[in-house]
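Heads up, the thing below is written out as structure tokens.
There are 2 protein chains.
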Amino acid sequence: MDFVNHLSTNNIKPSLQRIKIFEYLYDNREHPTVDTIYSDLVSDIPTLSKTTVYNTLKLFIDNGITSTVTIEDNEVRYDAIMEEHAHFKCDACGNVYDIEIDMSDLKFKKMNAFKVEKTNIYLKGKCNKCLITKN
Amino acid sequence: MDFVNHLSTNNIKPSLQRIKIFEYLYDNREHPTVDTIYSDLVSDIPTLSKTTVYNTLKLFIDNGITSTVTIEDNEVRYDAIMEEHAHFKCDACGNVYDIEIDMSDLKFKKMNAFKVEKTNIYLKGKCNKCLITKN
DNA sequence: TATAAAATTGTAATGATTACAAAATTATGT
DNA sequence: ACATAATTTTGTAATCATTACAATTTTATA
Ligand SMILES: [Mn+2]
Ligand SMILES: [Mn+2]
Ligand SMILES: [Zn+2]
Ligand SMILES: [Zn+2]
Numbered sequence: 166m167d168f169v170n171h172l173s174t175n176n177i178k179p180s181l182q183r184i185k186i187f188e189y190l191y192d193n194r195e196h197p198t199v200d201t202i203y204s205d206l207v208s209d210i211p212t213l214s215k216t217t218v219y220n221t222l223k224l225f226i227d228n229g230i231t232s233t234v235t236i237e238d239n240e241v242r243y244d245a246i247m248e249e250h251a252h253f254k255c256d257a258c259g260n261v262y263d264i265e266i267d268m269s270d271l272k273f274k275k276m277n278a279f280k281v282e283k284t285n286i287y288l289k290g291k292c293n294k295c296l297i298t299k300n
Numbered sequence: 166m167d168f169v170n171h172l173s174t175n176n177i178k179p180s181l182q183r184i185k186i187f188e189y190l191y192d193n194r195e196h197p198t199v200d201t202i203y204s205d206l207v208s209d210i211p212t213l214s215k216t217t218v219y220n221t222l223k224l225f226i227d228n229g230i231t232s233t234v235t236i237e238d239n240e241v242r243y244d245a246i247m248e249e250h251a252h253f254k255c256d257a258c259g260n261v262y263d264i265e266i267d268m269s270d271l272k273f274k275k276m277n278a279f280k281v282e283k284t285n286i287y288l289k290g291k292c293n294k295c296l297i298t299k300n
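Chains as they are written, first to last, in the working numbering: chain W, 166 to 300; chain C, 166 to 300.
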């Protein structure tokens with residue numbers, strides 16, 4: 166993955182901060198929060214500001230290379246994978262997993278009344294790892 | 166709909182505030198926010214406190230007679246309809262609509278790795294009313 | 001190199017939610 | 001009915017994530 170090129174082709178000037186933040190998002194698929202991103206990167210970029218993380222993620226979202234995962238009321242997570250997929254959060258370990266889904270299988274009724282542009286599917290429950298450990 | 170009975174059978178003592186708040190939620194299906202609920206009810210119950218609205222909604226959720234709709238990052242909405250359904254938000258008019266969905270049609274891959282207990286489906290786009298008006 | 005534009009940063013402001021303790025209401029036992 | 005305990009409601013203060021904004025730094029342009 167050529168991050169500089171990816172940013173450039175999406176009209177984002179590839180500054181050091183932007184490259185590092187996108188690289189972090191792409192490599193860390195657990196859908197991190199702003200705080201996690203900041204905490205993990207500040208040792209690498211000592212001058213990094215949390216405002217920059219907010220600004221940069223907003224820029225990524227506006228330019229379509231990042232999306233938000235709001236599976237929980239009180240935390241916004243970020244995702245660099247733009248292919249359509251669903252999310253599962255285990256309420257035991259707190260991990261958020263990607264779920265493959267065939268959107269063509271989704272059959273809604275009365276959908277002729279709406280023009281759907283974006284679909285978010287959020288599942289919650291227990292992951293197998295937690296189910297096994299608990300028993 | 167007998168609200169007093171509904172609260173009682175769900176282990177919620179039916180105080181005036183609780184009855185009015187649930188009644189409001191049940192009658193106003195547009196998925197209101199805490200602020201909307203408070204603003205609309207305070208004329209009816211002049212002593213009402215916003216803290217009570219928060220407390221009461223949390224109580225409803227804990228006892229399974231209300232759920233949250235977090236289709237947008239920055240606003241929590243509430244819903245007294247507990248039958249499984251999806252939500253659509255029109256980004257033109259801002260309305261949040263209920264969508265009937267047959268959950269049995271949902272086919273996820275690799276779902277053997279998870280025990281799903283709750284499913285939230287959020288759709289966004291334009292409602293027909295807004296599409297027609299714009300053209 | 002000088003100047004302008006863009007990006008980053010730190011701090012302050014905002015706004016939603018929660019914590020908490022006092023006041024009010026309701027239930028219980030005599 | 002009265003006293004006391006338990007529950008509910010309320011108002012205020014604290015918390016926490018996010019945004020606004022202006023100063024500083026970096027990058028681009030002539
Ligand atoms: Mn994902
Ligand atoms: Mn609904
Ligand atoms: Zn788990
Ligand atoms: Zn609309």
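Glycine residues also receive a C-beta, built at the ideal position from the N, C-alpha and C atoms.
Counting C-beta neighbours from all protein chains within 10 Å, is the total for residue i 16 or more, i.e. buried, or is it exposed?
{"i": "T221 (chain W)", "result": "buried"}
{"i": "V169 (chain C)", "result": "exposed"}
{"i": "C258 (chain C)", "result": "exposed"}
{"i": "A251 (chain C)", "result": "buried"}
{"i": "L213 (chain W)", "result": "buried"}
{"i": "N285 (chain C)", "result": "buried"}
{"i": "L303 (chain W)", "result": "Beyond the ends of chain W as shown, which are 166 and 300, falls residue 303 (chain W); an answer cannot be given."}
{"i": "I297 (chain C)", "result": "exposed"}
{"i": "I266 (chain C)", "result": "buried"}
Name the chain C residues that come within less than 9 Å of residue i, Cβ to Cβ?
{"i": "L288 (chain W)", "result": "F273, M276, F279, V281, E282, K283, T284, N285"}
{"i": "T235 (chain W)", "result": "T235, I236, E237, D238, Y287"}
{"i": "F187 (chain W)", "result": "Under the 9 Å cutoff, chain C gives no residues; its nearest Cβ is about 20 Å from F187 (chain W)."}
Within 7 Å: the Cβ of residue i and any heavy atom of ligand 1?
{"i": "V234 (chain C)", "result": "no"}
{"i": "I246 (chain W)", "result": "yes"}
{"i": "D263 (chain W)", "result": "yes"}
{"i": "H196 (chain W)", "result": "yes"}
{"i": "H252 (chain W)", "result": "yes"}
Can you pull the chain W neighbours of residue i, defined as C-beta to C-beta under 9 Å?
{"i": "C292 (chain C)", "result": "A278, F279, K280"}
Looking only at its chain, what residues have a beta carbon closer than 8 Å to the beta carbon of residue i, apart from the 5 residues adjacent to it on each side?
{"i": "P179 (chain C)", "result": "F168, V169, L172, S173"}
{"i": "Y189 (chain W)", "result": "P197, I202, D205, L206"}
{"i": "V241 (chain C)", "result": "T198, V199, T233, V234, T235"}
Does the beta carbon of residue i fall short of 7 Å from some heavy atom of ligand 2?
{"i": "I286 (chain C)", "result": "no"}
Just checking residue i against ligand 4 - is the residue's beta carbon closer than 7 Å to any of the ligand's heavy atoms?
{"i": "C258 (chain W)", "result": "no"}
{"i": "K291 (chain C)", "result": "yes"}
Run through chain W and tell me which residues come within less than 7 Å of residue i, C-beta to C-beta.
{"i": "V261 (chain C)", "result": "Under the 7 Å cutoff, chain W gives no residues; its nearest Cβ is about 11 Å from V261 (chain C)."}
Among residues of its own chain, excluding the 5 on either side of residue i, which ones have a beta-carbon nearer than 6 Å to its beta-carbon?
{"i": "D244 (chain C)", "result": "H196, S232, V234"}
{"i": "Y262 (chain W)", "result": "F253"}
{"i": "E249 (chain W)", "result": "M268"}
{"i": "F225 (chain C)", "result": "T231"}
Excluding the 5 residues flanking residue i on each side, which residues of the same chain have their C-beta closer than 7 Å to its C-beta?
{"i": "R303 (chain W)", "result": "The structure shown has nothing for residue 303 (chain W), since chain W only spans 166 to 300."}
{"i": "C295 (chain W)", "result": "C255, A257, C258"}
{"i": "D209 (chain W)", "result": "K185"}
{"i": "V218 (chain C)", "result": "I186, V199, I202, Y203"}
Could you tell me whether any non-hydrogen atom of ligand 3 is closer than 7 Å to the CB of residue i?
{"i": "K215 (chain W)", "result": "no"}
{"i": "K294 (chain W)", "result": "yes"}
{"i": "C255 (chain C)", "result": "no"}
For a contact defined as C-beta to C-beta under 8 Å, what are the partners of residue i on chain W?
{"i": "D253 (chain C)", "result": "Inspection of the sequence shows that residue 253 (chain C) is occupied by Phe rather than by Asp. Chain W residues near F253 (chain C): F279, V281."}
**Report entry** Length at least 3, wholly inside the stretch 212 to 245 of chain C: the beta strand (DSSP E) runs in chain order
**Finding:** Qualifying beta strand (DSSP E) stretches, in chain order: 232 to 237, 240 to 244.
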